[in-house]
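Residue numbers (the working numbering): 2 to 297.
Note that the Cβ used here is the ideal one computed from N, Cα and C, for glycine as well.
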C-alpha cells in the first residue's frame, strides 16, 4: 500500500482534517493507462472501497482506502491499497475540518497543492486559516509507476493527435492520388505546391502562417509534407515528389511550356517561338496610343 499525505500543511484555528471525498490518479497494471478514481461516503475513518473499469483494457480496478485523522503533527490523509492498479498522485479532494474552539465540523472542497483559505466558523465566528503547499504519495514503486504514467500519457496524446489529424483530412476529402485543395497553395505562398505536417499538433497546413492563424499555439518545425499534386505524404524535400514526380515549387524557366512557364516575352528565351509570336500583327491606333502612354 501507499501513504497519501499533505505537504506544508498549515492549520490555524482548526484542530483536525478528515477526508470525505478522496480523488486519486492510478495506473492500470495491465495496459499502463493512467486514469482517475474517487470515493465518497462522508467523513470518518472507516475503510472504503471504490471500483471502476479501466478505460482501455476494461480490467476491473479497485482502491481500498483507510482515512486518517490529519492534524499539524500528522499530515497523513489516508492509507491506500490498489487492486490491479497503483496510486501515483492525489488530486483535489474534499475534507471535513473541525473548529478548534467549538468543535463544529465544516466541509472544505477541492483541497490540493497551492490551496489557501481564510474564513470564519459559522457557529462561533472563530477565524481560521488553512493552507496546503502540495500533496505526495509515498510507497514502494510510486516513482517508477509515475514515470510510466507520464510516458504512456505522452504516447496516448501523440496517438490522439494523429487520429484527430487524419479525421480532419478525411473531412477535407484528402486522398492519395488526388490533388490537395488549390494544389497545396495558399494566400501566403502561391508558388508552393505542398502541405506541411507540423509535429506540435500532427495536422497538415499549407504553411506555418496558416497553422498559426487556425491553431491556438505556435508551430514547430515541420519535417514531413504532403505533395500538392497527389497528396502523398513523405519527408520534406525541395525536389520533385517521390510518388508522382511533380515539382513542389514553381520552377523558374525561360520557355512557354504550354502557358505554365514563362509568359513574359521580354524574359522569354530567343529559342522559344512564343517570344516573337504576334509581333507582326496589325494593332489599332488606340492600342498603340495606350502602349505609348504607358511607356512614357
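- The DSSP-derived three-state label of residue 56 is coil.
- With 16 or more other CB atoms across the displayed protein chains lying within 10 angstroms of its CB, residue 79 is buried.
- Distance from residue 243 to residue 192 at the Cβ level is roughly 20 Å; contact not present, criterion being Cβ atoms closer than 8 Å.
- Inclusion of residue 38 and residue 22 in the CB contact set at 8 Å is not warranted, their separation being larger than that value.
- Under the three-state reduction of DSSP, residue 183 is assigned to helix.
- Residue 174 sits in coil when the DSSP states are folded into three classes, being neither helix nor strand.
- The bridge partners DSSP lists for residue 128 are 121.
- Residues of the same chain with a CB within less than 6 Å of the CB of residue 245, apart from the 5 flanking positions on each side, are 230, 231 in chain order.
- Straight across, the Cα-Cα distance linking residue 77 with residue 3 is about 11 Å.
- Looking from the CA of residue 168, the closest CA among 286, 205, 186, 288 belongs to 205.
- Contact annotation: residue 208 and residue 197 have beta-carbon atoms nearer than 8 Å.
- Contact annotation: residue 18 and residue 136 have beta-carbon atoms that are not nearer than 8 Å.
- Annotated three-state conformation of residue 163 is helix, per DSSP.
- About 25 Å separates the CB atoms of residue 130 and residue 45; that is not less than 8 Å, and the two are not in contact.
- Between the alpha carbons of residue 182 and residue 227 lies a distance of about 12 Å.
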